[in-house]
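In my numbering, the protein residues as written are 42 to 247. See structure below.
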Amino acid sequence: MSINVEVFCDGGYSSNSYLIYNKENCLLVDPANDLKTLKRFIGEKTLQGILLTHGHYDHFIQLFNALKEFNVPVYMHKNAYKKIIDNDLSCASLFGINTEFYIDQKSVIFVDNGSTIKFDNEIINVLFHPGHTNCSVSYLLLDKLFCGDVLFPYSIGRTDLPTGNNSAMIDTLKRIKKMQGDLTVYPGHDEVFYLSDAVKYNPYLK
Ligand SMILES: [Zn+2]
Numbered sequence: 042m043s044i045n046v047e048v049f050c051d052g053g054y055s056s057n058s059y060l061i062y063n064k065e066n067c068l069l070v071d072p073a074n075d076l077k078t079l080k081r082f083i084g085e086k087t088l089q090g091i092l093l094t095h096g097h098y099d100h101f102i103q104l105f106n107a108l109k110e111f112n113v114p115v116y117m118h119k120n121a122y123k124k125i126i127d128n129d130l131s132c133a134s135l136f137g138i139n140t141e142f143y144i145d146q147k148s149v150i151f152v153d154n155g156s157t158i159k160f161d162n163e164i165i166n167v168l169f170h171p172g173h174t175n176c177s178v179s180y181l182l183l184d185k186l187f188c189g190d191v192l193f194p195y196s197i198g199r200t201d202l203p204t205g206n207n208s209a210m211i212d213t214l215k216r217i218k219k220m221q222g223d224l225t226v227y228p229g230h231d232e233v234f235y236l237s238d239a240v241k242y243n244p245y246l247k
C-alpha cells in the first residue's frame with residue numbers, strides 16, 4: 042500500500058502540518074492548522090497518532106482541540122512536554138498568545154533518538170536533532186524526513202530562543218547532511234524540498 046503525504050498550511054502561523062496516510066490510516070505531524078480542513082481530508086481514515094516535531098506553540102496550537110476530536114497518542118520528546126504546558130518555554134507569551142493547557146501524560150508517548158513508530162508496514166525512525174530547541178526530533182519514514190524547524194530550503198531554525206543551542210545545531214546539521222539517499226524534507230515552515238538541493242543551495246549546509 043502506498044504512503045502519501047498531504048500538506049496543510051491554513052492556520053495563520055505559516056506552520057506546516059503534514060498528514061501521512063495510506064488508504065485506511067493516517068498520522069498527523071504537528072497540529073498547527075485548521076482542524077475542519079484536516080478532518081475533511083481524513084474522512085473515513087483512522088487517525089492513529091499525532092507526532093510533534095518540537096514544543097513551539099506555532100506547531101501545536103491545535104493540539105488540544107485535536108485531542109478533543111481524536112483519542113490518539115501524541116508522540117514528542119520529553120522536553121517538549123515541558124514546553125506545551127508553559128507559555129514562556131513554548132514562546133507563546135512572546136507573541137501574546139496563551140497555549141498553556143493541561144495535557145494528560147497518559148496520552149503522551151515520549152520519543153528520543155532511536156525510538157520507532159509503526160505505520161502501514163513501515164517503521165518511522167525518530168532522530169533527536171537539538172539546536173533549534175532541546176526537544177527537536179525529526180521523523181524519518183522511508184525517504185521522507187519531517188524535521189520541524191531544524192532545516193528549511195535556504196535557511197535553518199533560530200537558535201536564540203529558549204533552549205536553542207548553536208553548537209548543537211551545527212552538530213545536527215552535520216548529521217542531516219550525511220544522511221543517505223536523496224531525502225524529501227518536510228519542514229515546519231516553507232516549501233517541501235530535496236535534501237540534495239539544500240546541500241547545494243542552503244548556505245548553512247556548506
Ligand atoms: Zn520552532
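Where is the CB? At the ideal position from N, CA and C, for every residue including glycine. Given the structure is predicted, the values throughout are model-derived calculations rather than measurements.
- [ ] Figure out for me which residue from Leu-108, Tyr-143, Lys-147, Ser-237 has the closest Cα to the Cα of Leu-76.
- [x] Checked all of Leu-108, Tyr-143, Lys-147, Ser-237; the closest Cα to Leu-76 is Leu-108.
Task: DSSP beta-bridge partners of Asn-166 - done: Thr-157, Leu-181
Task: Sufficient close CB pairs (3 or more, under 8 Å) joining the region 152–159 to the region 129–140 - done: no
Task: Cβ-based neighbour list, His-230, same chain, cut-off 8 Å, excluding 5 preceding and 5 following - done: Ser-55, Ser-56, Asn-57, Asp-190, Phe-193
Open item on the list: Judging by CA-CA distance, which residue of Val-46, Ile-138, Ile-211 is the nearest neighbour of His-170?
Closed with: Ranking the options by Cα distance to His-170, first place goes to Ile-211.
Open item on the list: I'd like to know if the region 178–190 and the region 216–235 are in contact, where contact means that at least 3 CB-CB pairs between them fall below 8 Å.
Closed with: yes
Open item on the list: So, for Tyr-59: in the same chain, excluding its five sequence neighbours on each side, which residues have a beta-carbon less than 8 Å away from its beta-carbon?
Closed with: Answer for Tyr-59: Val-46, Glu-47, Val-48, Phe-49, Leu-69, Val-70, Asp-71, Phe-187, Tyr-227, listed in chain order.
- [ ] Locate the alpha helix (DSSP H) running through Tyr-98, then write down its first and last residues.
- [x] 98–101
- [ ] Pull up the distance between the alpha-carbon of Tyr-116 and that of Asp-145, whole angstroms please.
- [x] 13 Å
- [ ] Give me the Cα-Cα distance between Asp-161 and Gln-221, rounded to the nearest whole angstrom.
- [x] 22 Å
TODO: Would you kindly work out how many angstroms separate the C-alpha atoms of Ile-91 and Asp-238, rounded to a whole number?
DONE: When rounded, the distance between both Cα atoms is 29 Å.
Open item on the list: By the DSSP assignment, the alpha helix (DSSP H) with Glu-110 in it spans what residues?
Closed with: Boundaries of the alpha helix (DSSP H) around Glu-110: 104–110.
- [ ] Using 7 Å as the cut-off, classify the Cβ of His-118 as near or not near the heavy atoms of ligand 1, replying yes or no.
- [x] no
Open item on the list: With a threshold of 7 Å (Cβ to nearest heavy atom), would Asp-190 be considered close to ligand 1?
Closed with: yes
Task: Among Val-240, Phe-105, Glu-65, the one whose alpha carbon lies nearest that of Lys-218 - done: Val-240
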